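In our numbering, the protein residues as written are 25 to 325.
For each residue, glycine too, the CB sits at the ideal point set by N, CA and C.
All figures in this text were calculated on a predicted structure; none of them were measured in a lab.
Quick notes on the structure that follows.
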């Protein structure tokens, strides 16, 4: 398996990962592993910009629509499952493509994690109480003080992610970001990292346009259908949280749409900031297909 190649293609939301990966997969006669933490869930389609059957164009996509939002699934679980799937696919393919914008899941697949400390239930309840009594801003401030790296990457509007970072530091005295640095698991295959980027104005225009399309497709209606599960971790993210705050009367629909677009742009910026720290990535515009394909083929030799 040492001669096999895993091509990891990342980039910010709306940069154009799906179209490029499908085209490459067809040219290379291979399959795609999704490393997008929200596309796992069957109930979430519009708000996650999940690829449609037409967009997949017959190319098998793994870890899409594979579980329900009521199920617990972590980056650690994904590391185990994705590695098993990768080994399985390498039995029939020389190269496999993995793609997504979820920084933690991409890191888990490529490098692995140190064992996360278990959080005692008493401490977990204390963090929950701090959130309920003192508010999210209190926990965000604590997280930024103790783990600025994780705080710069995570969605600070997502209470579950913020609380998890606070829990880890309180129980271990170490920032969560340190647990994915100390161990670089050796993978039994080669890894080629490719990043996609566009000019900021071009990317932001695409994000705004895609949000308009998602709204036309029924994003608000999808969020309303999922209202009984609004506390699920999968829904504490850009695209749903803003709509639930709107439903609670915190602002009007126009302001909700403005926040959806703004927070999506901010999320894209955080994604790029994280991936740019890894010097192993080769960066391209999504339309540089010939150059990307050439690089992949050079690594397959």
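On a Cα-Cα basis, can you pick out the residue from the options that is closest to residue i?
| i | options | result |
| --- | --- | --- |
| residue 249 | 40, 27, 68, 26 | 68 |
| residue 200 | 211, 212, 177 | 177 |
| residue 65 | 82, 80, 96 | 96 |
| residue 259 | 239, 179, 297 | 179 |
| residue 294 | 324, 237, 82, 224 | 224 |
| residue 127 | 25, 165, 296, 85 | 296 |
| residue 211 | 115, 154, 135 | 135 |
| residue 82 | 74, 233, 47, 105 | 47 |
| residue 282 | 324, 246, 239 | 239 |
| residue 213 | 115, 233, 161 | 115 |
| residue 313 | 145, 78, 49 | 49 |
| residue 121 | 85, 129, 149, 37 | 85 |
| residue 209 | 91, 107, 37 | 107 |
Keeping to the same chain, check which residues put their C-beta closer than 8 Å to that of residue i; ignore five residues upstream and five downstream.
| i | result |
| --- | --- |
| residue 310 | 35, 39, 40, 41, 43, 44, 220, 222 |
| residue 315 | 308 |
| residue 173 | 199, 201 |
| residue 251 | 268, 271 |
| residue 105 | 87 |
Do residue i and residue j have their C-beta atoms closer together than 8 Å?
| i | j | result |
| --- | --- | --- |
| residue 60 | residue 100 | no |
| residue 123 | residue 56 | yes |
| residue 261 | residue 191 | no |
| residue 171 | residue 189 | yes |
| residue 133 | residue 156 | no |
| residue 256 | residue 152 | no |
| residue 58 | residue 88 | yes |
| residue 32 | residue 320 | no |
| residue 29 | residue 323 | yes |
| residue 163 | residue 154 | yes |
| residue 247 | residue 264 | yes |
Between which residues of its own chain and residue i is the CB-CB distance below 6 Å, once the five residues before and five after are set aside?
| i | result |
| --- | --- |
| residue 72 | 62, 63 |
| residue 141 | 195, 196 |
| residue 284 | 235, 266 |
| residue 52 | 119 |
| residue 117 | 54 |
| residue 75 | 42 |
| residue 25 | 114, 212, 213 |
Given residue i, which residues of its chain have a CB within under 7 Å of its CB, disregarding the five upstream and five downstream residues?
| i | result |
| --- | --- |
| residue 168 | 175 |
| residue 241 | 70 |
| residue 203 | 137, 138, 140 |
| residue 289 | 228, 231 |
| residue 277 | 270 |
| residue 280 | 266, 267, 270 |
Quiz prompt | Given 8 Å, three or more beta-carbon pairs between the region 102–122 and the region 178–187 | solution = no
Quiz prompt | At least 3 beta-carbon pairs within less than 8 Å: the region 300–320 vs the region 212–219 | solution = Yes, the region 300–320 is in contact with the region 212–219.
Quiz item: Which residue spans inside the region 45–132 form an unbroken alpha helix (DSSP H) run of at least 4?
Solution: 77–80, 99–113
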